[in-house]
Ligand code: FE
Ligand code: CA
C-alpha cells in the first residue's frame with residue numbers, strides 16, 4: 128500500500144494512472160472522483176485548508192461533475208510524513224451537490240512552521256497526496272521561499288511554469304488572478320477551451336474551472352505547497368468593474384453572472400468558509416501572518432472598484448485623478464492601512480492584481496485605465512498612508528500585464544522624489560503565448576521602472592528579517608512542452624530600505 132501511495136504522490140497530477148491501480152482491487156469502486164487533484168491553502172500557525180472536488184466526469188456540461196444529488200462522506204487524513212505512518216489529524220467532510228461536491232476542510236491544532244502531508248478517500252478511491260505547511264509561530268521569523276504567479280490561459284500554452292514551480296519546493300505560492308479565462312474556444316492555441324462558448328452561468332464556470340484543474344502541471348503546483356489566491360477580471364469577465372460589465376455578450380443579468388463566477392471560484396479554490404460567497408458578493412480581501420517575518424495583505428481590486436475612467440484602454444484621462452474614485456472601495460482602503468499600521472511582521476506584502484506604480488505610456492500622460500493609474504487618488508492615499516505610518520518594508524506584488532516588471536514606488540512620480548516601496552510584477556504562466564526576449568518596454572518616461580521582460584514564468588522570493596531576494600524565473604517557450612526555467616533577473620530588497628538593489 129505504501130508503495131502505491133508513494134507512486135500516486137510521485138506521479139502528481141496523473142491521478143487517473145494511480146487510480147487504475149487502486150480501483151482494480153475494489154470490485155465495488157465507483158468511478159475515480161479525484162480527477163481535479165488536491166490542494167491546500169490559507170496557512171495559519173496551527174492549520175490550513177484542504178481542498179478537493181469530487182468529479183468523476185469533470186467536463187459534463189451540467190457542471191455536476193458526474194455526481195448524483197447524494198451527499199458523499201469524504202475522509203481526510205493529515206500526516207507528519209508522506210507515507211502516513213503517523214497521523215496528525217483525520218476526519219470526514221460531507222460533500223454536497225449544492226457546492227459541486229467540493230471539499231473545504233479547515234484544520235486547527237497543528238504545530239507551527241512545519242510540513243504536513245494530506246490525502247482524501249471517497250467512493251472507494253484514495254486521492255493523490257499533497258504537501259502543506261503551517262505558518263511559523265508569531266515571534267519567529269524563519270526564512271520564507273514564496274513563489275507568485277498570474278495569468279494562466281489554457282489555450283495559450285502548456286502549464287510548464289506551474290510544473291517548475293512545484294519543483295522549487297516552495298513554502299507558499301501566491302496566485303494573483305486570471306487563474307482561468309472566460310472566453311470561448313479559440314482556433315490558434317495549443318489546446319482548446321471547454322465549453323466552447325464564453326462562460327456565463329454556474330455550470331459553464333464549473334466546467335471551465337474543471338478543465339483547468341485537470342491539467343497535471345497545475346495539479347502538481349497545488350499539491351506542492353499551500354496557495355493564497357486572489358482573483359482578477361477573467362475569473363468573471365474581462366475588465367469588469369464591480370457590477371458593471373465590460374460588454375453585453377453574452378446577454379443576461381451581470382449580477383447573476385458574477386454570483387455564478389464567484390461561487391465556482393470558491394468551489395475550486397482552497398479557501399476558508401469566511402470566503403464562501405453570499406449572492407453576488409464574496410469577501411476575498413484578507414490578511415495572513417507568516418510569523419513575525421511578514422504579513423500578507425491580499426487585496427480584491429475588482430469587486431468594489433468604480434468603472435474605468437474614460438472607458439478601458441490606455442489614454443489621457445484627467446478624470447482618472449478624481450479624488451472620489453476608488454479601486455479598493457473605502458472599506459478595503461481603511462482595512463489595509465489599519466492592518467499595515469499594526470506592523471505585525473517585518474515585511475508588509477500586498478498581493479494584488481493590477482499595475483501599482485505610475486506607468487506613463489506617452490509623454491502626454493496617457494496611462495492604463497484598468498490599473499491603479501486609473502485610480503490615482505486611491506493609490507496616493509494608500510502609499511502616502513503607509514509611508515506616514517512608517518512602513519519601510521512594503522512590497523507590492525502584481526499580475527495582470529503578462530510581462531515581468533520591477534519598479535521603485537515613489538512618494539512623487541512626477542518629481543521622482545523618495546522611494547517608499549517596491550513593486551514586483553510577475554509575467555503570465557501562459558497568457559500571450561511564447562514571449563520575445565528582445566522586446567523592450569522600458570521608457571524614459573518612467574525612471575522608477577527598472578526592469579521589463581516579455582517571457583512567460585513566475586517570480587521566486589526568499590525573505591528573511593533583513594532582506595528579500597527576488598528572482599524573475601522564465602521559460603523561453605510554452606507552446607512546446609517541458610521547457611526548462613531560468614533566472615533572467617535578480618534583485619535584493621533590504622528590510623527598512625525600500626527599493627530595488629543589485630544583488
Ligand atoms: Fe491576464
Ligand atoms: Ca487581467
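Numbering (this note's numbering), first residue to last: 128 to 630. Even for Gly, the Cβ is constructed at its ideal location relative to N, Cα and C.
Restricting to runs no shorter than 3 residues, where is the beta strand (DSSP E) found entirely within the region 292 to 324?
Runs found: 299 to 302.
Pick from 443, 487, 495 and 421 that is closest to residue 475, judged by C-alpha positions:
If we check each option's Cα against that of residue 475, 421 comes out closest.
Is there contact between the region 476 to 496 and the region 563 to 573, where contact requires at least three CB pairs shorter than 8 Å?
Between the region 476 to 496 and the region 563 to 573 there are three or more C-beta pairs closer than 8 Å, enough to call the two in contact.
With 16 other Cβ atoms within 10 Å as the buried cut-off, status of residue 294
The residue in question, residue 294, is exposed, as its Cβ has fewer than 16 Cβ neighbours within 10 Å.
Note down, in chain order, each residue of its chain lying with its Cβ closer than 8 Å to the Cβ of residue 623, except the 5 sequence neighbours on either side.
For residue 623, where only same-chain residues beyond five positions count, the Cβ hits under 8 Å are 519 and 520.
Cβ neighbour criterion (16 or more within 10 Å) applied to residue 607:
Residue 607 comes out exposed.
Residue from 506, 365 and 176 whose Cα sits closest to the Cα of residue 540:
The residue with the shortest Cα to Cα distance from residue 540 is 506.
Could you tell me if residue 255 is buried or exposed, where buried requires 16 or more neighbouring beta carbons within 10 angstroms of its beta carbon?
Buried: at least 16 other Cβ atoms inside 10 Å.
Whose C-alpha, out of 347, 220 and 429, is nearest the C-alpha of residue 357?
Taking only the C-alpha atoms, the option nearest residue 357 is 429.
Assumed close pair residue 307, residue 285 - CB separation to whole angstroms, cut-off 8 Å
In fact, because the Cβ distance is near 16 Å, the residues do not count as touching under 8 Å.
Using a threshold of 7 Å, is the CB atom of residue 304 nearer than that to any non-hydrogen atom of ligand 2?
Yes; taking the cut-off as 7 Å, the Cβ of residue 304 has a heavy atom of ligand 2 nearer than that.
Rounded straight-line distance, which links the Cα of residue 201 to that of residue 556:
Taking the Cα positions, residue 556 is about 32 Å away from residue 201.
Can you tell me where the beta strand (DSSP E) holding residue 478 begins and where it ends?
For residue 478, the enclosing beta strand (DSSP E) stretches over residues 474 to 478.
Report yes if the C-beta distance between residue 585 and residue 274 is below 8 Å; otherwise report no.
In contact: residue 585 and residue 274 (Cβ atoms closer than 8 Å).
Could you give the uninterrupted runs of the beta strand (DSSP E) lying entirely in the region 413 to 466, keeping only those of 3 residues or more?
Runs found: 413 to 417 and 421 to 425.
Could you check the C-alpha separation between residue 197 and residue 235 for me, to the nearest Å?
Distance between the alpha carbons of residue 197 and residue 235: 28 Å.
Between the Cα of residue 353 and the Cα atoms of 392, 318 and 417, which residue gives the shortest distance?
Closest by C-alpha distance to residue 353, out of 392, 318 and 417, is 417.
Can you give the beta carbon distance from residue 477 to residue 535, rounded, assuming they're within the 8 Å contact cut?
Actually they do not touch by this definition, with Cβ atoms about 15 Å apart.
Helix, strand or coil at residue 150 [DSSP, three-state]:
Below a pLDDT of 50, predicted positions are generally treated as unreliable, and residue 150, at 37, falls in that range; the measurement from the model is reported next regardless. Helix.
Taking 7 Å as the cut-off, is the CB of residue 361 close to at least one heavy atom of ligand 1?
Shortest gap from the CB of residue 361 to any heavy atom of ligand 1: under 7 Å.
When burial is assigned at 16 or more other CB atoms within 10 Å of the CB, is residue 104 buried or exposed?
One cannot answer for residue 104 here, as it falls past the ends of the chain, which runs 128 to 630.
Between the CA atoms of residue 195 and residue 600 - distance to the nearest angstrom:
Rounded to the nearest whole angstrom, the CA to CA distance from residue 600 to residue 195 is 43 Å.
Indicate, with yes or no, if ligand 2 has a heavy atom lying under 7 Å from the CB of residue 439.
No - ligand 2 has no heavy atom lying nearer than 7 Å to the Cβ of residue 439.
Residues in its own chain within less than 7 Å of residue 385 by CB, not counting five upstream and five downstream?
Spatial neighbours of residue 385 in its own chain (CB-CB distance under 7 Å, excluding positions within 5 residues in sequence) are listed in chain order as 363, 370 and 407.
I'd like to know whether the C-beta atoms of residue 174 and residue 237 end up nearer to each other than 8 Å.
A contact, by the Cβ cut-off of 8 Å.
Cβ-heavy atom distance between residue 529 and ligand 1 below 7 Å?
Within 7 Å of the C-beta of residue 529 there is at least one heavy atom belonging to ligand 1.
Closer than 7 Å: residue 498 CB and nearest ligand 1 heavy atom:
Not so, every heavy atom of ligand 1 lies at least 7 Å from the Cβ.
Would residue 276 and residue 302 qualify as a contact pair, given that the criterion is a beta-carbon distance under 8 Å?
In contact: residue 276 and residue 302 (Cβ atoms closer than 8 Å).
How about residue 419 and residue 472: do their beta carbons lie closer than 8 Å?
Yes, these two residues count as a Cβ contact at 8 Å.
What's the gap between the Cα of residue 289 and the Cα of residue 463?
One C-alpha to the other measures close to 30 Å.
Going by the CB atoms, is the gap between residue 250 and residue 355 shorter than 8 Å?
By the CB criterion at 8 Å, residue 355 and residue 250 fall outside the cutoff.
Neighbourhood of residue 244 by C-beta distance below 6 Å, restricted to the same chain and skipping five residues each side
Within its own chain, the residues whose Cβ lies closer than 6 Å to the Cβ of residue 244, once the five positions on either side in sequence are excluded, are 206, 209, 256 and 258, listed in chain order.
Scan the region 496 to 570 and note each continuous beta strand (DSSP E) run of 3 residues or more that stays entirely inside, going in chain order.
521 to 525, 531 to 539 and 544 to 552, all fully within the region 496 to 570.
Reduced DSSP category for residue 226 - H, G, I as helix; E, B as strand; rest coil:
In the structure shown, residue 226 sits in a helix (DSSP, three-state: H, G or I).
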